[in-house]
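Undergrad: Our numbering puts the first residue of the sequence shown at 32, with every later residue one more than the last. In this text, a Cβ means the ideal position worked out from N, Cα and C, and glycines have one as well.
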Amino acid sequence: MPKLDTYGSQPPIELLRQFQDFHGFYDREKFFWKEIQDMTIAAACAPPGGGRNPVTPRFIRHFSMLCLPTPSEHSLKQIFNVGNP
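Written out as structure tokens, the structure reads:
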């Protein structure tokens, strides 16, 4: 996850949130609105810790959360040994 800035926000996450909220971005060099059409964001994240920062509720509200438990060792062996006797 991006490093928190002075105000506790994560600029790359805020840019994605702006796209989700307003369907575009403001061009600061040419001073006009760039509308983005036909784009979908698919994202994955892990719980905070180990260098990961929490994602703000303002951004998460745009997604349906799906939490999966860690697979068992047996399940991992079944997944990665496919085709290997």
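Of the choices Asp58, Trp64, Leu107, Thr101, whose alpha-carbon is the least far from that of Pro78?
TA: Pro78 has its Cα closest to that of Thr101, out of Asp58, Trp64, Leu107, Thr101.
Undergrad: Who are the near neighbours of Met70 in its chain, counting only those whose CB is closer than 8 Å to its CB and skipping five residues on each side?
TA: Phe50.
Undergrad: Three-state secondary structure (DSSP) at Asp58?
TA: Here Asp58 sits in strand by DSSP.
Undergrad: Can you tell me whether DSSP reads Phe169 as helix, strand or coil?
TA: In the structure displayed, the chain extends from 32 to 116; residue 169 sits before or after that span and is not available.
Undergrad: Under 8 Å: do the segment 56-71 and the segment 99-113 share three or more Cβ pairs, one atom per stretch?
TA: Verdict: no, contact absent.
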